[in-house]
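These notes concern the structure reproduced below.
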Amino acid sequence: MKEVVLLFHPFIALMIEEVRWHPTQTLKRERDGHLLFTVKVAEPREVLWWVMSWGDKAEALHPPELREKAGKNSPEPHNPLF
433 MKEVVLLFHP FIALMIEEVR WHPTQTLKRE RDGHLLFTVK VAEPREVLWW
483 VMSWGDKAEA LHPPELREKA GKNSPEPHNP LF
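Read left to right, the sequence shown gives residues 433 to 514 (the numbering used here).
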């Protein structure tokens, strides 16, 4: 299993906290309101579509290859409230 770390913007952090997205997930609120989301998956690409679906409100921090793929190719957020 590989560890994936995502960073969510404070604006959507509460939405992420309210749902159990994965059995291995851990959540940590940063002082600035951002949320660190950590999960262990067989293949980091499993979460690529999900992190990219949040647009600029989410960022892949680890592993480096996921961060590179998610990069600046994120589409606009899927929620019109953003």
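Even for Gly, the Cβ is constructed at its ideal location relative to N, Cα and C.
What is the residue span of the beta strand (DSSP E) that residue i lies within?
i	result
R461	458 to 461
Evaluate residue i with the Cβ neighbour count: other Cβ atoms within 10 Å of its Cβ, from every protein chain shown; 16 or more gives buried, anything less gives exposed.
i	result
F514	Confidence at F514 is low in this model, with a pLDDT of 41, below 50, so the placement of that residue should be treated as unreliable; the coordinate-derived value is given next. The residue is exposed, with fewer than 16 neighbouring Cβ atoms inside 10 Å.
V451	exposed
W481	exposed
W453	exposed
A474	exposed
P476	buried
K460	exposed
With respect to the alpha helix (DSSP H) encompassing residue i, which residues constitute its N-terminal and C-terminal limits?
i	result
V483	480 to 485
A492	Premise fails: A492 lies in the beta strand (DSSP E), 490 to 494, not in any alpha helix (DSSP H).
For residue i, list the residues DSSP reports as bridge partners.
i	result
F469	L438, L459
Please look up how many angstroms separate the CB atoms of residue i and residue j, rounded, as I've assumed it's under 8 angstroms.
i	j	result
V471	T456	5 angstroms
(Q) Count Cβ pairs between the region 435 to 447 and the region 460 to 472 that sit closer than 8 angstroms; are there 3 or more? (A) yes
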